[in-house]
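Residue numbers (my numbering), protein chains in the order written: chain A, 8 to 169; chain B, 8 to 169.
Here a beta-carbon is modelled for each residue, glycine too, at the ideal position from N, C-alpha and C.
What you are looking at is a predicted structure, and each value in this text was computed from that prediction instead of being measured.
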DNA sequence: TTAAATTATTACAAATATATAACTATTTAA
DNA sequence: TTAAATAGTTATATATTTGTAATAATTTAA
């Protein structure tokens, strides 16, 4: 029984993913020059305040060397900054600068615009339904993501947690 | 009012996307050697039966030359086949072979397994809620995607539809 | 205090994705 | 029938992402 539900959820989520990816990436590519991961890092930092390099890698499932690359780019544009941990000097926290927060807001509103043209064609009832359901999916996935925080599998450098 | 709803939906969807991407791509990468687009093409073909090259590009928002590359790969593995249109000899339909259908089923069950380990930690109630809500989101996005079928923006070769 | 583990970086190589331009074959329309 | 438009391909350059290995600095544990 639970088995079947899981299959059904998988089916739904696997249909949602490419469509969502398409809609967003299209908006992002059309209106900014940032690659997806850069946007996602900024999103993660917005929600978590600050994250370690390893934490960012875990959140996005990106190998650590790639995290360094992404952050280097964001640093160069002064969108994030590094903070040292007082207790453990190996750890570096990353957080958005004011400029970064502003930029991310802009990006989000660009995406909203991009969505608007599509969503505005939905009937009000459908939009309401989508709001409620996307809310529920979002909540469940965030919960899931926490349970699923297993680092990045293929990477020797950041082994699968435990 | 509708404005605010759209912002909220955008916010939700933009949080859903990276988490979903992470969970899926992790499962896919860990268990198959197919890149995301290959999986998505197979998914689109599963749902639509057959699609033209241009249609595939539109569905996934991938430039045409990249569609050719993806299909070449799938052809080489005998997972899809080309069909000529009788009426218009420029058009080539792509559809899954039996082998391709079988392979995609395998992939989906691998993804289900990957999801299972995560989902099984959710409480039954949460799972039910996720099933219903993912269903609704899926339905809305599919509808949205049809309205949003505007080809691939940055490409001169496959201009913005109409 | 030495060995092991952890955090982040550097350095590559390879795979995948994006962006353009030019081209063939075919159909549509003036 | 010629010109314009469409479907798909080829070719090429660049950007992004992934996969490994090795390294330095620091902390933890034996």
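Own chain residues within Cβ distance below 8 Å of residue 8(B), not counting five before or after: none
Can you grab the Cα-Cα spacing for the pair residue 49(B) / residue 67(B), in whole Å? 11 Å
Buried or exposed by the 16-neighbour rule on C-beta atoms within 10 Å, applied to residue 72(A): exposed
Per the DSSP calculation, residue 74(B) is bridged to which residue(s)? Paired residue(s): none; residue 74(B) is not in a bridge.
Put residue 87(A) into one of helix, strand or coil per three-state DSSP. strand
Starting from the beta carbon of residue 25(B), find every residue of chain A whose beta carbon is closer than 7 Å, and list them in chain order. 47, 50, 67
Alpha helix (DSSP H) runs wholly inside the stretch 27–84 of chain B, at least 4 long, in chain order: 43–55, 60–67, 71–83
Integer-rounded CB distance, given that residue 13(B) should sit under 8 Å from residue 119(A): 6 Å
Could you say if the stretch 91–101 of chain B and the stretch 54–61 of chain B meet the contact criterion of at least three C-beta pairs nearer than 8 Å? yes
Spatial neighbours of residue 102(B) within its chain, please: CB distance less than 7 Å, with the 5 preceding and 5 following residues excluded, ordered by chain position. 52, 56, 57, 87, 88, 90
Following the continuous alpha helix (DSSP H) through residue 150(A), name the residue where it begins and the one where it ends. 131–154
Chain B within 8 Å of residue 78(A), Cβ atoms only: no
Taking only beta-carbon positions, decide if residue 128(A) is within less than 8 Å of chain B. yes
Is the beta carbon of residue 137(A) less than 8 Å from the beta carbon of residue 39(A)? no
Look up residue 101(A) in the DSSP assignment and say whether it is helix, strand or coil. strand
Taking 8 Å as the CB-CB limit, is residue 60(A) close to chain B? no
For residue 92(B), which residues in the same chain have their Cβ closer than 7 Å to its Cβ, ignoring the five residues on either side in sequence? 98, 100
Closer than 8 Å, Cβ to Cβ, to anything on chain B: give me those residues from the stretch 127–151 of chain A, in chain order. 127, 128, 129, 131, 133, 134, 135, 136, 137, 138, 139, 140, 141, 142, 143, 144, 145, 147, 148, 149, 150, 151
Do you know how far the Cα of residue 22(B) is from the Cα of residue 37(B)? 23 Å
By DSSP, does residue 127(A) sit in helix, in strand, or in coil? coil
Taking only three categories from DSSP, how would you classify residue 122(B)? helix
Top-ranked residue by Cα proximity to residue 64(A), from 47(A), 94(A), 16(A): 47(A)
Neighbouring residues, chain A, relative to residue 19(B) (Cβ below 7 Å): 141, 142, 145
Run down chain B in chain order and give the residues with a C-beta less than 8 Å from the C-beta of residue 16(A). 122, 126, 134, 137, 138, 141
Give a yes or no on whether the C-beta atoms belonging to residue 28(B) and residue 28(A) are separated by under 8 Å. yes
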